[in-house]
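Residues 176 to 315 (the numbering used here) are what the sequence shown spells out, left to right.
Ideal Cβ placement from N, Cα and C applies to all residues, glycine included.
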Amino acid sequence: MRKIYFAGSIRGGRADRERYAVIIRLLQDYGEVLTEHVGLGSLDAGGEEGLTDHEIHDRDVAWLMASGAVVAEVTTPSLGVGYEIARAALQGKPVLCLFRPEGGKRLSAMIAGCSGVAVQTYLTSEELPAILGSWFENLE
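Shown next, in the form of structure tokens:
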């Protein structure tokens, strides 16, 4: 079974948490999502409570290295998500970034211009099943 690493803003802002939960549910059709906690209402429920920053980093990097694909929702800027995308791209892992260009937002050129990263824009969650389906189909 394919292991999928989902990345979304945690400390950079949780405004898209519900959208992350939708994406995670959709990703479960394509494999095991190693980072389901990103879509939870409380990060404590996902095992963050009691861990040091170092422990979180090492755990998440281990999950990232164990994954066969990375999907990131990048509308809310996050240093951590950018770091995860870069590490995955350097490892040659397939990376899909989902971005909503609403309110004049522009995606960082470091993500949009990276040849190792696929970027898909979308406006509504209803577009996500087709985007994910097409991307995973092209991986096989």
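DSSP-derived helix/strand/coil call for residue i
{"i": "residue 179", "result": "strand"}
{"i": "residue 190", "result": "coil"}
{"i": "residue 220", "result": "Any reading at residue 220 is ruled out, since the residue's pLDDT is 49, under 50, leaving its predicted position unreliable."}
{"i": "residue 207", "result": "strand"}
{"i": "residue 315", "result": "coil"}
{"i": "residue 300", "result": "helix"}
For residue i: DSSP bridge partner residues
{"i": "residue 295", "result": "273"}
{"i": "residue 305", "result": "Residue 305 pairs with nothing; no bridge assigned."}
{"i": "residue 248", "result": "273"}
When the options are compared against residue i, the one with the closest alpha-carbon
{"i": "residue 267", "options": "240, 183, 281 and 274", "result": "240"}
{"i": "residue 274", "options": "179, 178, 195 and 180", "result": "195"}
{"i": "residue 290", "options": "263, 236 and 255", "result": "263"}
{"i": "residue 215", "options": "225, 229 and 185", "result": "185"}
Beta-carbon proximity check, residue i vs residue j, cutoff 8 Å
{"i": "residue 247", "j": "residue 260", "result": "yes"}
{"i": "residue 199", "j": "residue 211", "result": "yes"}
{"i": "residue 242", "j": "residue 180", "result": "yes"}
{"i": "residue 208", "j": "residue 183", "result": "no"}
{"i": "residue 244", "j": "residue 192", "result": "no"}
{"i": "residue 227", "j": "residue 190", "result": "no"}
{"i": "residue 271", "j": "residue 310", "result": "yes"}
{"i": "residue 269", "j": "residue 202", "result": "no"}
Residue i to residue j span [Cα, whole Å]
{"i": "residue 312", "j": "residue 303", "result": "14 Å"}
{"i": "residue 298", "j": "residue 307", "result": "14 Å"}
{"i": "residue 296", "j": "residue 276", "result": "7 Å"}
{"i": "residue 286", "j": "residue 301", "result": "24 Å"}
{"i": "residue 288", "j": "residue 282", "result": "10 Å"}
{"i": "residue 292", "j": "residue 279", "result": "22 Å"}
{"i": "residue 237", "j": "residue 205", "result": "20 Å"}
{"i": "residue 294", "j": "residue 284", "result": "11 Å"}
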